Structures are given as C-alpha cells and as structure tokens.
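Numbering (my numbering), first residue to last: 99 to 234.
Only one structure is covered here, and it is reproduced in the block below.
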C-alpha cells in the first residue's frame, strides 16, 4: 500500500522538473552534448577495432622511441647569466695591503677589458675552518 500511495507522493516532492536553460548555458549544453556524441563514437569504434588500436599504439610508441634519438635533450642547459667569477690566491701570510693592491689591479684590468660591466664585487681574505666558507 505504501508503495502505491506514499512513495509516488514523496518522489514528486524530491524530484523537480528541470527547467529549460537559455542563453549561454543552453549553448554550453549543446556543445557538451556534441562532444559527448563524438567521444561515444570514438569509444565504440575503438572497442570494435581493438587489434587496430593496440597495434597502432605500439607502433606510435616505437616511432616515438626512434625519434627521441634525433631530438636530443639537456637536463641543465648552459645559460649565460652575464656573470664571471675569478678566484685569485696569494701566498699564505701575505699582508692585507698587498692583497688589496693586487685585487685593485685585477679590478682595473676587468673594467678596461669589460666596459659593459655594471657591478664588480670583491671579497678579500679568508679565515680558517668554518669561516673559510664565507670569506672575509
């Protein structure tokens, strides 16, 4: 009795009639429907021609493996960052004034040889142990 009386009444309360969409929503629904139809046709064809799909996939895979040999790749390509680093070492015990003079001469040569240099930064001297990592 409940199945014939109460269930249909409750169903009518929960299920609403879908209103027809207009404007952009309608065009979007038409687009999705066409897309769904195309996808359905492709899937049906692929399921009907399984061997063709499998052998084609294997063929494309092997052709791509062969083409990879001709492409070439680099994980870390060399990039010109417009920076140079120069490390000059003086004998142990060299006075700071002598080292500073040598670095000043080196800077002068760099400015003459590379006139487009914007910034020249120098670090003179180094400590021992952990301090040697950072210079001074």
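Virtual Cβ for every residue (Gly too), placed ideally from N, Cα, C.
What you are looking at is a predicted structure, and each value in this text was computed from that prediction instead of being measured.
| Query | Result |
| --- | --- |
| Through-space distance from residue 183 to residue 221, alpha-carbon basis | 11 Å |
| Cβ pair residue 218, residue 205 closer than 8 Å | yes |
| C-alpha distance - residue 208 paired with residue 156, whole-angstrom precision | 58 Å |
| Residue 234 burial status per 10 Å Cβ neighbour count (16 or more: buried) | Caution applies to residue 234, whose pLDDT of 47 falls short of 50 and renders its modelled position unreliable; the model cannot decide the point. |
| Cβ separation of residue 223 and residue 194, assumed to be a contact under 8 Å, to the nearest whole Å | 6 Å |
| Cα-Cα separation between residue 216 and residue 201, rounded to whole angstroms | 18 Å |
| Extent of the continuous alpha helix (DSSP H) run through residue 154 | 148 to 169 |
| The alpha helix (DSSP H) enclosing residue 211, as first and last residue numbers | 194 to 211 |
| Option nearest residue 185 by Cα separation, candidates 214, 131 and 197 | 197 |
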